[in-house]
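Residue numbers (this note's numbering): 44 to 212.
Yeah, the Cβ is synthetic: ideal placement off N, Cα and C, and Gly gets one too.
The block underneath contains the structure these notes are about, expressed in structure tokens.
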């Protein structure tokens with residue numbers, strides 16, 4: 044689940060856990076999926092590789108927030124469609140998360156094609172879970188914010204979700 048820290052999982056389950064954030068089911072079915080794991084685990088990495096997923100080994104758990112925003116990118120890119128803005132956001136986020144430009148390139152490669160605007164809008168709506176990270180990004184874009192600011196809003200939302208779970212007893 045997005046936003047739940049390994050510390051919170053351990054507190055509730057009484058066992059160590061490996062966090063994983065995969066891309067959407069359609070990218071996995073098409074053999075173009077990506078996933079981040081923390082901490083690294085060879086067995087899980089091999090399972091994901093068998094599914095032909097590209098695995099990102101995160102050196103710190105906090106980077107899961109930026110990766111999670113990365114797997115939300117296809118919907119955001121469909122909402123804006125501006126390559127210059129995409130490049131600028133990738134460069135800006137690369138300062139904190141060096142893999143972000145690669146994830147932006149992945150997001151461009153997996154963008155679904157739609158013949159009608161209505162189908163594109165429906166896709167964006169379906170991917171934006173109520174109260175979730177994609178919704179925060181799309182709402183920020185809809186309010187006139189740029190992609191970089193909207194992705195930062197998504198990272199903030201991911202951290203907020205994490206804090207909410209961390210605060211539960």
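Which of helix, strand or coil DSSP assigns to residue i
| i | result |
| --- | --- |
| residue 74 | coil |
| residue 64 | strand |
| residue 210 | helix |
| residue 48 | coil |
| residue 124 | coil |
| residue 58 | coil |
Distance CB(residue i)-CB(residue j) smaller than 7 Å
| i | j | result |
| --- | --- | --- |
| residue 96 | residue 76 | yes |
| residue 116 | residue 150 | yes |
| residue 61 | residue 94 | no |
| residue 122 | residue 181 | yes |
| residue 118 | residue 167 | yes |
| residue 146 | residue 113 | yes |
Environment of residue i [buried if 16+ CB atoms lie within 10 Å]
| i | result |
| --- | --- |
| residue 148 | exposed |
| residue 83 | exposed |
| residue 170 | buried |
| residue 120 | buried |
| residue 178 | buried |
| residue 108 | buried |
| residue 196 | buried |
- Item | Any beta strand (DSSP E) of 3 or more consecutive residues that is wholly inside the stretch 130-201 | Listed in chain order, nothing qualifies, since the stretch 130-201 has no complete beta strand (DSSP E) run of 3 or more residues.
- Query: Residue ranges of each alpha helix (DSSP H) run of no fewer than 4 residues wholly in the stretch 71-117, ordered along the chain?
  - Reply: 85-93
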